[in-house]
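Number of protein chains: 2
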Amino acid sequence: MGPMRRPTMTDVAREVGVTAKTVSRVLNDDGPVAVETRERVLAAVTKLGYRPNLMARNMRVGARDAAIGLVVPEMGNPFFGTVAGGVESAVRARGLTLIVGSSSETAGLEQSLIATFLARRVSALMVVPAASSDHRHLRSERMAGLPIVFLDRPAVGLRADCVVSANREGSRAGVAHLVAHGHRRIGFVGDAPASLYTRRERFQGYRDALDGAGLPFDRALVEAGHDMEAAAQATMRLLSLADPPTAVFAGNNLASMGVVVALARAGRKEVAVVGFDDLPLAEALDPPLTVVAQDPAGVGAAAAEMVLRRLDGDRSRARRTTVPTRLITRGSGELPPP
Amino acid sequence: MGPMRRPTMTDVAREVGVTAKTVSRVLNDDGPVAVETRERVLAAVTKLGYRPNLMARNMRVGARDAAIGLVVPEMGNPFFGTVAGGVESAVRARGLTLIVGSSSETAGLEQSLIATFLARRVSALMVVPAASSDHRHLRSERMAGLPIVFLDRPAVGLRADCVVSANREGSRAGVAHLVAHGHRRIGFVGDAPASLYTRRERFQGYRDALDGAGLPFDRALVEAGHDMEAAAQATMRLLSLADPPTAVFAGNNLASMGVVVALARAGRKEVAVVGFDDLPLAEALDPPLTVVAQDPAGVGAAAAEMVLRRLDGDRSRARRTTVPTRLITRGSGELPPP
DNA sequence: CCGACCTATGTCAACGTTGACATCCGCTGT
DNA sequence: ACAGCGGATGTCAACGTTGACATAGGTCGG
C-alpha cells in the first residue's frame, strides 16, 4: 500500500530476464523478437502493471509530444465546447491527443496556459484568443515552425493561420432580414465594443445592413451585455427608450438568450429578434427564434485540418479560412413592426 | 526558416558563458547566483527564446506531471463543459494544469484516453465514465496511490472516490411536484435503460414518487431518447398513446430540450413538464420550465477538492460525495391536468 | 595569518527510453 | 567445412534537466 515506484522498462526486463531494449522492441514492434520472448514480456507487462513513460520516450526521440494544446475562453459556453469537440474528433483520427485549457477570457491566464503547453512541447497550438490579448510573444515560436492556428478570433500582432465565422456577412444577412420585414429601428445587443473581434465584425455587419437599406444609425440603439443577465438588462434599457426599437439583433449566443429572456419577462412577444449563433431550444421558443447559425464544429474541424496540414509540412503563408453562416428563419425575425 | 532545434538550457549557458546548472539555478530560484549573472542569463533566455522542457524536468525530478487528466463523455454538452470549468478553476489555484479529453461516450475511447493520460504521468485522474465502461483495469493504479475521482457517475468494478448529484432525491422531488399538482399519469423520458447510472437513479426517484403517492407504475409511460431529437420523438410517442400522460418528467438536459421542442411543435402547451438539470433558457420558455437544477460547477469543484486532498496525502477510504439538487419552480410543473 | 565559513559556480550522474552499432547463434549454399 | 547471412539479443550513449557533491575565491574572527 506504500506509494511504490512505478515499474519501468528495466523492471519488466529484469522480471523476464532480458534487457530493456528487448522490452522496448516488443512494445514498439521494432526489430525481430522471438515469439516466446514476446509473450513472456507481455505477460510481465501486465503482471507488473507497466505503463510506458511518454515523457521519457518523447525526450529520447526528440519528438514533440503527440498532443495539441487548445486554449478556449470558457469551457462552460457550449459554443466553445462544440468547437473543441470538432477539433478533437479531427485530431484523434491522427492519433493526436487534445489538451484543452480555459483562459477565463483573461489575457494573463491565456499566456500562462500557452506557456505550460509550450513547456510540454505540444506539437501544435490552437487558440481562441481572450479579449484584449496580444500574441507578439509567439513570434519566435512561429519562426521555429510550430503550427499555431487561431479560432473564432484572429491573432493580434502575429501573422498566423486563423479560422473564423463569416461574422460580418452573417450579421448583415440577419439584420437585412429584419429590414426586409419592415423594421426601421433595430437594436443591437452584443459584447462590449472595441475589445472583441467578433463584436466588431458583427457590428459592422449590422451597420452594413442599415446602410444598405438607407436607414439611419442611432447610437442609442446599441447596448452591451457580456453575459446573459447583462444582456437581459441591456434589452430592458432598449425597451424603455422614448422611441424604442421594434426589433433586436443579438450579437452572440449569450446575448440572444438574454434578449429572449428579457422579452419573455416583459411580455413583449411582438418585438422581432434575430440572434447570432443558434440555440438548441430556438425552435421551442415563442415565437421560435430566427438565427444566424454558425457551425462551431465546422470551425473546429477546419482549424484542426489546418493544423494537420502544417504538421505535414505545409509551409505556405498564413491563411484565413472563413466558415459560412446560415440564416435559419423560424418566426421571431418575421414579426412585422406594430 | 529551417525547423531549427529548440534552444536548451545548455545553449543558454553557452551564450552566457556559464554551465547549464547555473541557468537552472536562475530559472528555479535555487541556490545563490550573482546578480549580474542572473541578469545575463535572463537576457539570454529571452534572446534565444528558451522555454524550459517540462518533460525533461519531470523525468529528472521523478515527479509526476503537474497536470490532471479529465475524461468527459462529450465536450459539446454544456453540463460537462461546466463541470470541467468547475474543476479547472479549483485546480488552477494550486498551479496544476487540467488536461481534458472526450470519450464520445465510448468505453474504448475512454480507456485509450486514460492510457495516454497515464503515459503522460498525470498526477491525478478524473473521469466521467462513459456508458457501459468498466474500471477494473485501474485497480493497479489505485493500489499505486494515484488519486482517481469519478464524477457524475460512479466507477464500475473499482472502489474509488466519486462525486454525484442527488439524482434519486432530486428526481423524486421533481415528480412529486407534478403529483402535488394533480397529475396521475406522468411520462418519463430519459436515456436508454440500464446502461447509465444517472438514468437508473433518476428513474428510481420517479418510481419512488409514484409509490409515495400510491400511483400505479405504467411501463408504457417510459420512453428513451439519447439526444434531443430522439427525446422529441419519444415524447411524440407518449402523446399519441390511447391514454396519454398529462405530465412529463425529463431525465436530463437533452431530454428536457427534446420534450420541450416536441410539445412546442405539437402545440401542446397544456402538458406539464419538469426537467432534470437546468437550462439557460428555461425562464424564456412558454410556460417557463420548472426544473430540478443540478450544480455542475459544484460537482466539478467538489471533485477537484477531493483530488487535492488525495494529492495532499489523504489515504482514507474511498468516499462518495453527493451534491444536492434544487427544485426551481417556474410554471411548467404547476399546470393542472385537464 | 590560518582555518572556518559563505558565496558563486562547476562536475557528475541519473531519470526512462530508444537509435546506432555490436555480438552471438544457427542455418544455408557450395 | 567454411563464408555468409539473417534472426535474436545486448551494449552504450544520448535526450534536457537537476540533486548531490565538489571546488574556487573571498571575508572574518581570533
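Protein chains in written order, with this note's numbering: chain A, 150 to 487; chain B, 150 to 487. Cβ atoms here follow ideal geometry from the backbone N, Cα and C, with glycine treated the same way.
Anticipated Cβ contact below 8 angstroms, residue i with residue j, distance rounded
i, j, result
"Leu274/A", "Ile263/A", "7 angstroms"
"Ala415/A", "Met385/A", "7 angstroms"
"Pro227/B", "Pro227/A", "4 angstroms"
"Thr347/A", "Asn401/A", "7 angstroms"
"Arg213/A", "Val271/A", "7 angstroms"
"Ala383/A", "Val338/A", "5 angstroms"
"Ser405/B", "Asp426/B", "7 angstroms"
"Asn207/A", "Met292/B", "Going by Cβ atoms, the distance from Asn207/A to Met292/B rounds to 27 angstroms, so no, they are not a contact pair."
"Ser497/A", "Val472/A", "The structure shown does not extend to residue 497/A, since chain A spans only 150 to 487, so no value can be given for it."
"Ala118/B", "Ser344/B", "For residue 118/B there is no data in the structure shown, the boundaries of chain B being 150 and 487."
"Gly354/B", "Gly319/B", "7 angstroms"
"Val210/B", "Gly449/B", "With a Cβ gap of about 29 angstroms, Val210/B and Gly449/B do not count as contacting."
DSSP state of residue i mapped onto helix, strand, coil
i, result
"Val328/A", "helix"
"Met158/B", "helix"
"Glu483/B", "coil"
"Phe425/B", "strand"
"Thr395/A", "coil"
"Val338/B", "strand"
"Val313/B", "strand"
"Arg469/A", "strand"
"Leu307/A", "coil"
"Ala343/B", "coil"
"Arg333/B", "coil"
"Gly230/A", "helix"
"Ala216/A", "strand"
"Val221/A", "strand"
"Thr474/B", "coil"
"Val167/B", "coil"
"Val420/B", "coil"
"Gly151/B", "Only weak support is given to the placement of Gly151/B: the predicted model assigns it a pLDDT of 45, under 50, and the value that follows is read from those uncertain coordinates. DSSP places Gly151/B in coil when its eight states are reduced to three."
"Glu318/A", "helix"
heavy atom of the ligand COA below 7 angstroms from residue i C-beta
i, result
"Glu378/A", "Within the structure as shown, the ligand COA is missing, as the structure has no ligands at all."
Contact set for residue i: own chain, Cβ-Cβ below 8 angstroms, skip 5 residues either direction
i, result
"Met150/B", "Annotation note: pLDDT 40 at Met150/B (below 50); position unreliable, coordinate value reported separately. The answer is none, since no qualifying residue turns up."
"Gln260/A", "Ser282, His286"
Cβ shell of residue i (< 7 angstroms), same chain only, five flanking positions each side left out
i, result
"Leu197/A", "Pro156, Asp160, Val161, Glu164"
"Gly180/A", "Arg174"
"Ala358/A", "Arg321, Val324, Ala325, Val328"
"Phe229/B", "Val221, Pro222, Glu223, Val277"
"Arg417/A", "Leu388"
"Leu240/B", "Note that residue 240/B is Val in the sequence shown, not Leu. Result list for Val240/B: Ile217, Leu247, Ala453, in chain order."
"Ala215/A", "Gly244, Leu245, Thr246, Ser272"
"Ile477/A", "Asp427, Thr439, Val440, Ala442"
"Leu176/B", "Pro201"
Cβ neighbours of residue i in the same chain (closer than 6 angstroms, five flanking residues each side left out)
i, result
"Met455/B", "Val298, Asp310"
"Arg469/B", "Cys311"
"Arg333/B", "Leu364"
"Gly331/B", "Pro485, Pro486"
"Gly447/B", "Val472"
"Ala192/B", "none"
"Ala413/A", "none"
"Gly306/B", "Asp283, His284, Arg285"
Which runs of the beta strand (DSSP E), 3 residues or longer, sit entirely within the segment 234 to 302 of chain B? 246 to 251, 271 to 276, 297 to 300
Which residues, in chain order, does the segment 246 to 257 of chain B contribute to contact with chain A at a C-beta distance below 7 angstroms? Of all residues in the segment 246 to 257 of chain B, Thr246, Leu247, Ile248, Val249, Gly250, Ser251 have a Cβ within less than 7 angstroms of some Cβ in chain A.
List, from N- to C-terminal side, the alpha helix (DSSP H) runs of 4 residues or more that fit wholly inside the segment 175 to 206 of chain B. 184 to 197
Mind pulling the beta strand (DSSP E) runs of 3 or more residues that sit fully within the segment 351 to 418 of chain B? If we require 3 residues or more, the beta strand (DSSP E) runs fully inside the segment 351 to 418 of chain B come out as 371 to 373, 396 to 399.
Going along the chain, which residues of the segment 396 to 415 of chain A sit with their C-beta nearer than 7 angstroms to a C-beta in chain B? Cβ contacts with chain B come from Met406, Val409, Val410, Ala413.
Can you list, in chain order, the residues of the segment 273 to 298 of chain B whose Cβ is nearer than 8 angstroms to any Cβ on chain A? Ser289, Glu290, Met292, Ala293, Gly294
Listed in chain order, which residues of the segment 451 to 462 of chain B have Cβ atoms closer than 7 angstroms to some Cβ of chain A? none
Identify each residue in the segment 359 to 371 of chain A for which the Cβ-Cβ distance to at least one residue of chain B is less than 9 angstroms, and report them in chain order. none
Interfacial residues, the segment 230 to 246 of chain B to chain A, with Cβ spacing under 7 angstroms: Gly230, Thr231, Ala233, Gly234, Glu237, Thr246
Selection of the segment 414 to 436 of chain A by Cβ proximity to chain B, strictly under 8 angstroms: Arg414, Leu428, Pro429, Leu430, Glu432, Ala433, Leu434, Asp435
Contact set between the segment 193 to 211 of chain B and chain A, restricted to residues whose Cβ is under 7 angstroms from the partner: Gly198, Arg200, Pro201, Asn202, Leu203, Met204, Ala205, Asn207, Met208
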